[in-house]
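First the structure, in the form of structure tokens, and then the observations on it.
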Amino acid sequence: MSDNNQTIGNPEDVKAVSAETFQCPGCGANMRFDAESGCLKCDYCGTVKKLERSDDFSERDFSEFENIEKWGGEVKEAVCKNCGATEVYRTNEVATVCPFCSSPMVLSEEDYTGLKPNVIVPFAKKVTEAAALCKKWLKRRVFSPGRFKKNLKVDNISGVYYPIWTFDSQTITDYSGVLGKYVTRTYTRNGKTVTRTETEYFHVKGQIRRIFDDLMIRGTDKLDVKAENDSGFTQKDYVKFDNAYLAGYSAMGYTVQPLDAWKRAENIMKERIKNEIMRRYGADTVQRLDMRLYHEGRSFKYLLAPFYVSVCMYKDKLYRQFVDGVKGKVYGKAPVSPLRVAIAVIIALALIGALVYFFMTSDDEPVMKAAETLMSMIR
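Counting in the numbering used here, the sequence shown runs from 39 upward without gaps.
Structure follows, in structure tokens:
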């Protein structure tokens, strides 16, 4: 890559779980999970080992939280001195490399005692597909500098499993309060017609039941991944966790603790229940609303979701892109050219000016009204 568009490592402190080594029965080389076939594959001799996908996983009950399976002595922690990232590696590994900057990791003797995932969404897109989609997305950034796009290369892209907490709950909410509706009224004063918007308040009281299924909360705030409920995968893509799916990939560990994630989920539940109460009464605003939320049952899962990550540098600034490992949706950030933005603004203002001139010089009454509306929007 050019000096202005180089791939670099992730400078943030993240935790990652490295894959267990699966040896090829044919030649003894390490096998990797192949997203296209859904099997373990050896790149040296072509041996393929079929994996039995299982959807036999269960929800984790909060009452059994202390007894939930943990990694225990299976994995240990490693630290990258170059970028500060931490990784969790299998106990049978003697060396490891940082997935974010390719620097050697310093191995620790400390056991990693975090919870073990019970669900995973395997990669369905190959790395070559992800790289092509990412490059196409970057090429289409209208406001990105031409020099950046001309020298663009996406040849250092990594597959990473991202941690997600999912929560289920059957809720009962008792509520009471004062809601309001906006009402438009027309008055005649001193021979003039006056229109005013007023708020009519009314008291409400009742109970509402709602079931929340797989409400997703990101397991780490270190990367801005859209891995929550707007993600490209569904429950149909879930399979029971197996270390084999990690072969050839990295997996970040969670930094948001499960009970903290639950608090976030409960706040989202309350907001959605509040909106449902307002819809029930056709309300536009809230003066006061007291809600008492009860959970008849609650459970959670610890899920690993697949993403490809591409990180590049342009003029000493880092830009990161993500590719959903199931549907291939791309999002992220790319450099912006101030000159291109300025030109776009000038063109837009010129078009608006031309439209206003056309409307204002027209004798057609509907066109005149449209001009007045446009002018009020500009102001």
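Just so you know, even glycine gets a beta-carbon here, dropped at the ideal spot from N, CA and C. In this text the structure is predicted, and so the values were computed from the model without any measurement.
Note down the Cα distance separating residue i from residue j, rounded to an integer number of angstroms.
i: Ala-73; j: Asn-194; result: 18 Å
i: Phe-250; j: Lys-312; result: 14 Å
i: Lys-88; j: Arg-317; result: 50 Å
i: Ile-246; j: Phe-271; result: 30 Å
i: Asp-252; j: Arg-310; result: 14 Å
i: Val-159; j: Asp-212; result: 37 Å
i: Arg-179; j: Tyr-369; result: 11 Å
i: Ala-282; j: Lys-353; result: 39 Å
i: Thr-231; j: Thr-323; result: 27 Å
i: Val-221; j: Glu-236; result: 5 Å
i: Arg-227; j: Gly-218; result: 26 Å
i: Asp-328; j: Arg-336; result: 22 Å
i: Tyr-357; j: Met-290; result: 19 Å
i: Ala-372; j: Lys-243; result: 49 Å
i: Lys-163; j: Cys-350; result: 21 Å
i: Tyr-346; j: Ser-196; result: 5 Å
i: Arg-330; j: Tyr-319; result: 18 Å
i: Tyr-384; j: Ile-255; result: Here residue 384 turns out to be Ile, not Tyr, going by the sequence shown. Approximately 41 Å between the Cα atoms of the pair.
i: Gly-64; j: Tyr-82; result: 10 Å
i: Asn-130; j: Gln-295; result: Confidence is the limiting factor: at Asn-130 the pLDDT is only 48, short of 50, which leaves the residue's position unreliable, though a coordinate-based value still follows. So the alpha carbons of these two residues sit roughly 27 Å apart.
What would DSSP say about residue i, mapped onto helix, strand or coil?
i: Gln-245; result: strand
i: Tyr-287; result: coil
i: Lys-191; result: coil
i: Gln-359; result: strand
i: Asn-156; result: coil
i: Asp-51; result: The predicted position of Asp-51 is uncertain, since its pLDDT is 38 and thus under 50; no value can be drawn from it.
i: Ala-133; result: Low local confidence applies: a pLDDT of 48 at Ala-133 is under 50, so the model's placement there is unreliable, with the coordinate-based value given in what follows. Note: Ala-133 maps to coil in three-state DSSP.
i: Val-349; result: strand
i: Gly-370; result: strand
i: Glu-309; result: helix
i: Leu-89; result: coil
i: Asp-328; result: strand
i: Asp-72; result: strand
i: Glu-97; result: coil
i: Gly-64; result: coil
i: Thr-293; result: coil
i: Cys-172; result: helix
i: Asp-298; result: helix
i: Asp-252; result: strand
Check the C-beta distance from residue i over to residue j and give it rounded, since I have them as a contact under 8 Å.
i: Val-157; j: Tyr-276; result: 5 Å
i: Ala-67; j: Cys-77; result: Actually they do not touch by this definition, with Cβ atoms about 15 Å apart.
i: Asp-94; j: Lys-278; result: 6 Å
i: Gln-325; j: Val-216; result: 4 Å
i: Thr-209; j: Asp-259; result: About 26 Å separates the two Cβ atoms, so there is no contact after all.
i: Leu-190; j: Lys-174; result: 10 Å between Cβ atoms; not a contact.
i: Pro-155; j: Leu-387; result: No, Pro-155 and Leu-387 are not in contact; Cβ-Cβ is about 52 Å, not under 8 Å.
Just to confirm before moving on: does the CB-CB distance between residue i and residue j stay below 8 Å?
i: Pro-344; j: Gly-257; result: no
i: Arg-223; j: Arg-234; result: yes
i: Gly-363; j: Phe-60; result: no
i: Gly-172; j: Ser-348; result: For the sequence presented, residue 172 should be read as Cys rather than Gly. Yes. Within cutoff.
i: Tyr-287; j: Phe-71; result: yes
i: Glu-90; j: Lys-339; result: no
i: Phe-181; j: Ala-303; result: no
i: Val-361; j: Ala-168; result: yes
i: Met-307; j: Ser-214; result: no
i: Ala-285; j: Trp-203; result: no
Those runs of the alpha helix (DSSP H) which lie wholly inside the segment 198-240 and span at least 4 residues: Whole alpha helix (DSSP H) segments, 4+ residues: zero.
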